[in-house]
Amino acid sequence: MKKLATMAISVGLIGAMVAGGSLAYLTSEDSDVNVMTLGNVKIEQLEQERADDGSLTKFTQGKPAMPAVGPIEWAENGVTVNEVEYKMFTPELKNVIDKIVTVENKGNSDAYVRTIVAIEAPGYDQDNLIHFNYNATDVAIGDPVNVAINGVDFVVFDFTYNDALKAKEKSAPSLMQLFLDSKATNEDCAKFGDTWEVLVLSQAVQTAGFENETVVQSNGNSPAATALNTAFGEVNTTNVVKWFADMQAPTLVDNSEEVYQSTLENGNFTLTSDINTSDADNHYSGNREYAITGARDYTINLNGHTINHDGTYQDGKNTGYTYLYTTAYNGKLTINGEGTINSANSEGCASVFYAQGPSEIVINGVNVNVDKGIAVWAGKNGKVTINGGSFVSTGSAGDEELIYSSGGVIDIYGGFFHNKEWENRPVNVADANRSTGFINIYGGTFVNFDPSTGGNDPGNIKVMDGYKVVSETQANGDIWYTVVAE
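Counting in our numbering, the sequence shown runs without a single skipped number right up to 494 at its last residue.
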């Protein structure tokens with residue numbers, strides 16, 4: 009198959025758009041799943057798009073993929089990464105989807121990096137229906153590999169960054185835009201199924217020991233190619249299948265009922281719109297709406313959207329009792345996507361997140377607003393990790409804590425915490441569980457609460473070694489206590 013170049017086919021105006029699938033990207037933000045590292049190197053894969061003002065923002069899932077309409081030409085202004093401008097298609101070429109992939113070196117060692125992109129291409133795209141815009145200046149591009157992954161046909165390209173990526177720096181982009189050819193028909197789009205999948209994987213290895221080692225590889229004669237092929241293997245059919253075998257496209261959902269069905273099926277879903285839980289019946293006995301259980305890993309991507317949880321009584325049951333819930337059986341729930349969960353309940357609400365051991369919840373940059381309830385609860389042997397976001401009690405919480413452990417461990421690495429009506433308990437450990445319940449703080453801002461005091465539970469609520477608390481008084485008199493590295 010010939011290489012799919014951005015400018016390979018001229019796209020003309022068509023009279024009417026034909027229906028396409030929706031675009032479902034698989035991201036690689038979890039270093040335990042999709043980002044592979046060796047040699048004490050830590051990377052984060054960034055996948056972004058342009059906002060209306062031209063700034064880069066996190067890519068949103070579920071974009072409609074329609075055939076392109078208009079001329080294939082470069083825009084006068086492109087996208088700037090690391091003060092270098094890269095060409096982007098003109099706005100007159102409609103239905104082009106931004107997908108700007110870069111890699112940030114989060115570690116302390118210089119690294120060689122490559123990004124591997126697998127684009128769904130039914131029949132390996134013999135009809136040249138898929139096109140993409142990529143950076144051919146700062147990266148070496150390998151020959152395409154045709155491979156079936158989990159029964160789906162993909163065309164795979166690898167982008168090896170020419171220069172070592174220094175510690176704390178961000179790479180040049182690899183993939184930047186995609187679109188379907190204007191000649192695509194309903195029948196062509198049907199070959200993709202419900203979604204157009206794009207798998208993105210980045211790999212990194214230390215530069216040490218490889219600086220002067222160069223052999224001719226398919227993607228260039230460079231130390232980077234040698235190091236990456238030595239560490240991970242070459243980009244071939246066998247290795248691609250192995251690398252991508254465990255990556256599954258999320259279920260795209262846009263209503264409460266679909267969320268419920270997704271929790272029954274695999275628990276992995278991405279929101280494509282805001283939802284209200286009151287739009288569905290109460291699905292769980294014990295008042296647990298959307299309970300997620302079982303010895304499996306689940307991922308929920310709010311995708312910038314909001315879940316409004318109405319905790320009113322329905323048929324004698326209080327649907328506000330627990331919203332997203334993971335219980336024993338070694339299950340793990342990861343929730344991210346820079347979205348919001350609002351939980352309102354006039355009758356009282358136990359928690360939004362509850363982990364009972366041995367199970368785990370990881371909350372990445374999610375905003376949680378509760379009224380009369382607990383935002384995060386770690387029960388016996390449960391584990392919760394909070395990485396950013398905000399957690400606010402907006403109503404009369406009584407004596408209910410915002411972040412609560414009754415025999416589990418909660419690690420807080422960042423976030424904003426404000427229990428407005430019970431300010432001395434934004435975080436708390438149950439008195440009866442002081443031998444097993446802990447809240448370990450590595451970061452975050454706490455309103456009117458100094459976490460270094462331990463609150464009601466000194467020794468169980470701890471600012472960890474190597475960190476300290478700095479305070480700042482706000483204009484309204486509130487004091488913000490922020491945990492920072494010493």
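Glycine included, every Cβ here is placed at the ideal spot set by N, Cα and C.
- Classified as buried, residue 74 has 16 or more neighbouring CB atoms from the shown chains inside 10 Å of its CB.
- For residue 66, there is no enclosing alpha helix (DSSP H); the residue is found in the beta strand (DSSP E) stretching over 64-66.
- Inter-segment contact for the stretch 183-197 and the stretch 132-149 is present: three or more beta-carbon pairs are separated by less than 8 Å.
- Taking the CA atoms as reference points, residue 93 sits about 47 Å from residue 386.
- Around residue 493, the same chain offers 474, 475 as residues with beta carbons nearer than 7 Å, after the five sequence neighbours per side are excluded.
- DSSP places residue 186 in the strand class (E or B) of the three-state scheme.
- As computed with DSSP, residue 80 is found in no beta bridge at all.
- Per DSSP, reduced to three states, the secondary structure at residue 161 is strand.
- Non-local C-beta neighbours of residue 169 in its own chain, meaning closer than 6 Å and more than five positions away in sequence, comprise 121, 147, 179, ordered along the chain.
- Per the Cβ contact rule, the stretch 242-250 is in contact with the stretch 150-170 (3 or more Cβ pairs under 8 Å).
- Boundaries of the alpha helix (DSSP H) around residue 246: 245-252.
- Around the beta-carbon of residue 233, 16 or more other beta-carbon atoms lie within 10 Å, marking it buried.
- A buried status is given to residue 213, since no fewer than 16 other beta-carbon atoms sit within 10 Å of its beta-carbon.
- Contact annotation: residue 415 and residue 444 have beta-carbon atoms nearer than 8 Å.
- It is roughly 36 Å from the alpha-carbon of residue 173 to the alpha-carbon of residue 79.
- In the DSSP annotation of this structure, residue 468 is not part of any alpha helix (DSSP H), being labelled neither H nor E.
- Per DSSP, the unbroken alpha helix (DSSP H) holding residue 240 starts and ends at 231-240.
- Cβ-Cβ separation between residue 453 and residue 490: approximately 5 Å, consistent with a contact (criterion under 8 Å).
- Our two residues, residue 261 and residue 202, have alpha carbons roughly 12 Å apart in a direct line.
- In summary, residue 96 is buried, with 16 or more beta-carbon neighbours lying within 10 Å of its beta-carbon over all protein chains present.
- Where residue 195 is concerned, the enclosing alpha helix (DSSP H) starts and stops at 194-198.
- Residue 359 and residue 468 have their C-alpha atoms some 21 Å from each other.
- Across the structure, residue 237 and residue 89 are spaced so that their CA atoms are roughly 27 Å apart.
- Look at residue 265 here: in three-state DSSP terms it is helix.
- For residue 486, the number of other beta carbons within 10 angstroms of its own is below 16, and it is reported as exposed.
- Annotated three-state conformation of residue 270 is helix, per DSSP.
- About 7 Å separates the beta carbons of residue 459 and residue 435, which is inside the 8 Å limit, making them a contact pair.
- Taking the Cα positions, residue 59 is about 17 Å away from residue 100.
- Every candidate alpha helix (DSSP H) stretch fails here, since none sits fully inside the stretch 100-135 while reaching 4 residues.
- In terms of Cβ geometry, residue 106 and residue 57 form a close pair [threshold 8 Å].
- Counting along the chain, residue 148 sits inside the beta strand (DSSP E) bounded by residues 147-149.
- Contact between residue 371 and residue 411 is absent: CB atoms are separated by about 10 Å, not below the 8 Å threshold.
- Inclusion of residue 207 and residue 255 in the CB contact set at 8 Å is warranted, their separation being smaller than that value.
- Looking from the CA of residue 195, the closest CA among 167, 130, 242, 72 belongs to 130.
- Within the same chain, Cβ atoms closer than 6 Å to the Cβ of residue 441 are found at 414, 415, the five residues on either side in sequence being excluded.
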